[in-house]
Amino acid sequence: YGVLIGTVASIVFSVFAYQLFMTVYPDMPNKEFEIPAAELWLNMAQLLNGGSLASHVQTFCIIGACVGAILSVCHDFVFMGRYQRYRGYIPSGVA
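When we follow the working numbering, the leftmost residue of the sequence shown carries the number 1, and every step to the right adds one.
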């Protein structure tokens with residue numbers, strides 16, 4: 001029941017907090033308070049509706065995937081046995 005109580009309480013609290021915030025800052029979003037998460041969703045919607053990516057994004061994605069794969073291989077296979085003490089210094093390829 002804790003999850004249900006927390007969910008209901010957060011709904012009530014978030015509506016109250018939003019109304020309070022909008023009375024103080026009625027012109028939201030503005031230059032002082034931008035909403036980065038909303039901008040991300042807007043950019044994704046524009047991209048999916050015929051927009052285009054910035055130049056060199058594909059190259060960056062390929063390089064990032066290769067680095068992640070190399071880190072994962074190093075973490076799981078290279079730093080084994082006597083090199084296992086270095087394994088804690090290799091970040092996860094997923095991260």
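Cβ coordinates follow ideal geometry from the N, Cα and C atoms, glycine included.
All values derive from a computational prediction rather than experimental measurement.
Distance, residue j Cα to residue i Cα
i     : j     : result
Ala38 : Gly64 : 25 Å
Ala54 : Leu71 : 26 Å
Leu4  : Ala17 : 20 Å
Thr7  : Trp41 : 24 Å
Val67 : Ala9  : 43 Å
Pro91 : Val57 : 23 Å
Pro36 : Ala45 : 14 Å
Glu34 : Tyr83 : 47 Å
Gly50 : Asn43 : 11 Å
Leu47 : Phe13 : 34 Å
Assigned secondary structure, residue i (DSSP; H/G/I helix, E/B strand, else coil)
i     : result
Pro26 : coil
Gly68 : helix
Gly88 : helix
Phe13 : helix
Met39 : Here residue 39 is Glu; the residue named in the question, Met, does not match the sequence. Reduced to three states, the DSSP call for Glu39 is helix.
Local Cβ density within 10 Å of residue i, reported as buried at 16 or more and exposed below that
i     : result
His75 : buried
Distance between beta carbons of residue j and residue i, contact taken as under 8 Å
i     : j     : result
Phe79 : Tyr86 : 5 Å
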